[in-house]
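Notes follow once the structure below has been shown.
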Amino acid sequence: MSNSKASVTVNIADRQGEIEVVDSAFQVVANGFGALTVDLAPGLYKARAQAGGGRTESLFLVEPQAKTLTVPLNAIDFANPAPVQEGEDWTRRQQSALFDLVASEPEDVGLGWDGGLLLSLRQDRVPDHNEGRSADRLRIVMDRLQLRDAMGNQLADFRRKEVHLPEVGLSAVNLKLKAGYYLLGYQDEQGETVLTPFYVVTGWRSQIYFQLPDEGPFGYQDFSDRAMLMTPSGMGLPHYELRRYLRLTEIARYALLQGRQAITREEMNALLQDKFFNPLFGLFAAHLLLLSPRPNQDLLETVIHNTAGMIGVDNPDIQALRLALAGLKGESPLASQGVSFPPMLSASWRALLDCPAMVVANPVLREVAARQVAQGPWLAWKLEEEVGGRIVSRSGDSVLSPKILELTLNVPSKVLEKLNIFTKIYNFTTLASPSWELPDTTPASEEDVLQAIKDLACNNPWNEIIRAHKKAVREGQGGLHLTNLQFSLLPMLQLIKEQLEEGDDFTVEEFRLMMSGLHVPLVVAAEALQDLTEKLATIAAPSGG
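Everything in the sequence shown is counted per the numbering used here, starting at 9 for the first residue and increasing by one.
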């Protein structure tokens with residue numbers, strides 16, 4: 009048998025998916041994305057690919073005398089929140105019902121009329137052919153979805169004319185809406201709410217598609233796996249065109265989720281050409297261009313300019329893209345009043361975080377930075393506090409300005425036991441740190457921050473706090489109700505404490521490096537530490553005087 013190897017190319021038709029090549033011993037011998045080329049010895053192999061829950065595979069044989077071999081894989085029908093795949097009668101009826109809704113005039117529910125919103129929730133199939141169960145599942149999830157204005161106020165009337173079609177596994181709202189920024193929320197079974205931003209533009213209808221899992225509750229992952237479009241108001245799309253738009257949306261979304269420019273030239277051209285009928289394609293295309301090793305700056309600038317002409321030059325995603333473009337050119341960001349609202353895309357948010365001044369000027373954006381949760385390509389964060397359907401800030405300037413309050417944490421273990429948060433092993437010492445301000449990021453103010461953090465780190469048993477918090481959460485006692493950022497800061501405080509106890513100093517440069525690793529502005533980390541301190545102080549406060 010020949011020992012020579014053949015050059016084997018495996019490619020997916022639309023270049024979407026992770027590829028693995030497996031040999032006859034069931035060992036993975038090569039992997040890649042979209043397409044790969046590998047030298048293989050004669051033998052039997054399997055090429056398999058997956059994307060978004062879909063799979064495809066093919067067996068192939070490398071002959072002893074072969075020099076080259078191409079193994080094509082079909083495009084993967086990966087999961088889509090909208091019913092875009094051709095299928096059985098159930099799917100066709102669901103498609104027809106949804107696409108008829110897309111073609112219909114949005115309902116006026118008294119929330120404005122500049123633009124519109126179509127929000128769809130669907131099931132792949134009726135569970136056990138039980139329409140009653142289907143209706144219940146759809147209703148429960150729709151009840152947990154929230155529409156809020158830019159200030160966080162819930163708009164309870166948005167479902168007043170809801171379309172409910174359990175016989176085809178579909179619920180939707182199709183309403184006229186005032187142009188502006190909005191928040192879409194979902195409250196899970198534990199009562200925690202995740203918010204994600206979107207916008208309605210005059211003359212355009214935003215479309216948001218969700219899909220229920222076949223089994224189990226609708227969770228944050230399902231909330232993040234949504235498809236979105238923006239189409240001109242009053243302009244109906246042929247069914248085949250809407251299906252093409254939705255599939256292209258998923259291809260772009262999946263590529264952004266992978267963090268690579270994993271689309272074909274034809275797909276990029278489609279994004280660029282069709283952005284005039286769906287501005288979100290312009291945002292997707294711009295961020296995918298930025299993922300190129302050498303982004304085409306002229307093309308990027310044109311895409312940003314054209315997309316801004318449709319959704320506004322002050323749109324937060326546009327502002328983020330302009331910042332990224334300025335960075336590519338080595339230019340200073342243009343003077344700006346700051347970003348007034350969080351962007352829709354996580355990639356835009358990361359671009360803003362590269363220019364912290366754009367974030368720290370706005371307390372809402374600082375709150376987003378402190379409470380961000382993973383939601384794929386979409387920005388999302390956990391809701392902090394709510395009273396009567398309205399998001400509220402904590403009183404005073406203690407949270408919306410970067411300062412740490414004076415601490416007095418002389419806490420007997422019986423107080424911790426009484427509050428069912430900590431156990432008897434804790435013995436907080438007294439700490440009276442001066443409050444500190446952070447009006448800017450000059451070295452002097454950073455030194456003040458650093459000293460406050462040293463004091464905070466040295467006077468609290470962080471390992472015990474971490475263990476007790478985890479234990480309380482496991483046992484359903486709630487723990488400290490920490491944000492993701494605060495929980496990430498706890499090990500940092502313990503490391504600082506250990507470093508100082510060993511006699512080594514902790515410097516501003518080390519602190520900057522830690523903040524860079526967390527990818528949050530200094531002021532956001534300072535606020536998170538202050539809030540953590542307030543939570544500890546609340547637990548530490550003696551009850552009844």
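A virtual CB, placed ideally from N, CA and C, is assigned to each residue, including glycine.
Reducing DSSP to helix, strand and coil, say where residue i ends up.
i, result
"residue 39", "strand"
"residue 219", "strand"
"residue 231", "helix"
"residue 116", "coil"
"residue 84", "coil"
"residue 155", "strand"
"residue 435", "Unreliable placement is indicated for residue 435, whose pLDDT of 29 sits below 50; the coordinate value is still reported in the next sentence. Coil, per DSSP."
"residue 385", "strand"
"residue 372", "helix"
"residue 267", "coil"
"residue 71", "coil"
"residue 34", "coil"
"residue 540", "helix"
"residue 493", "helix"
"residue 477", "helix"
"residue 367", "helix"
"residue 46", "strand"
"residue 505", "helix"
"residue 193", "strand"
"residue 6", "Given that the chain is displayed from residue 9 to residue 553, the structure contains no residue 6 and the question cannot be resolved."
"residue 183", "strand"
"residue 143", "helix"
"residue 245", "coil"
"residue 105", "helix"
"residue 398", "Because residue 398 carries a pLDDT of 44, less than 50, the predicted location of this residue cannot be relied on, and the following value inherits that uncertainty. Correct three-state label for residue 398: strand."
"residue 519", "helix"
State the CB to CB distance for the pair residue i and residue j, rounded to an integer number of angstroms; the pair is presumed to be in contact (CB under 8 Å).
i, j, result
"residue 308", "residue 351", "17 Å between Cβ atoms; not a contact."
"residue 361", "residue 205", "Contact doesn't hold; Cβ gap of about 15 Å is too wide."
"residue 83", "residue 22", "4 Å"
"residue 324", "residue 349", "5 Å"
"residue 208", "residue 190", "6 Å"
"residue 183", "residue 166", "6 Å"
"residue 237", "residue 265", "Going by Cβ atoms, the distance from residue 237 to residue 265 rounds to 17 Å, so no, they are not a contact pair."
"residue 256", "residue 107", "Not confirmed; about 16 Å, so no contact."
For a quick check, are the C-beta atoms of residue i and residue j less than 8 Å apart?
i, j, result
"residue 314", "residue 347", "no"
"residue 492", "residue 383", "no"
"residue 142", "residue 131", "yes"
"residue 63", "residue 117", "no"
"residue 56", "residue 125", "no"
"residue 178", "residue 105", "yes"
"residue 16", "residue 48", "yes"
"residue 111", "residue 193", "no"
"residue 42", "residue 24", "yes"
"residue 122", "residue 186", "yes"
"residue 18", "residue 81", "yes"
"residue 354", "residue 328", "no"
"residue 296", "residue 318", "no"
"residue 532", "residue 378", "yes"
"residue 77", "residue 180", "no"
"residue 540", "residue 497", "yes"
"residue 299", "residue 268", "yes"
"residue 196", "residue 228", "yes"
"residue 286", "residue 239", "yes"
"residue 505", "residue 465", "yes"
"residue 335", "residue 326", "no"
"residue 294", "residue 258", "no"
Using DSSP bridges, identify the partner residues of residue i.
i, result
"residue 214", "125 and 238"
"residue 199", "In the DSSP output, where bridge partners are listed per residue, residue 199 has none listed."
"residue 555", "Residue 555 lies beyond the residue range present for the chain, which begins at 9 and ends at 553; the question has no answer from this structure."
"residue 465", "DSSP, once it has assigned bridges, lists no residue as partnering residue 465."
"residue 188", "208"
"residue 178", "130 and 173"
"residue 162", "156"
"residue 253", "BP columns for residue 253 are empty, so no partner."
"residue 19", "43 and 80"
"residue 380", "389"
"residue 29", "38 and 55"
Could you tell me whether any Cβ in chain D is nearer than 8 Å to the Cβ of residue i?
i, result
"residue 511", "Looking at the structure shown, chain D is missing, and only one protein chain is on hand."
Run the proximity test for residue i: is its beta-carbon closer than 7 Å to any non-hydrogen atom belonging to the ligand ZN?
i, result
"residue 72", "What this structure holds is no ligand at all, so the ligand ZN is not there to describe."
**Complete alpha helix (DSSP H) runs within the stretch 277-358 (minimum length 4 residues, chain order)** = 287-298, 305-319 and 324-337
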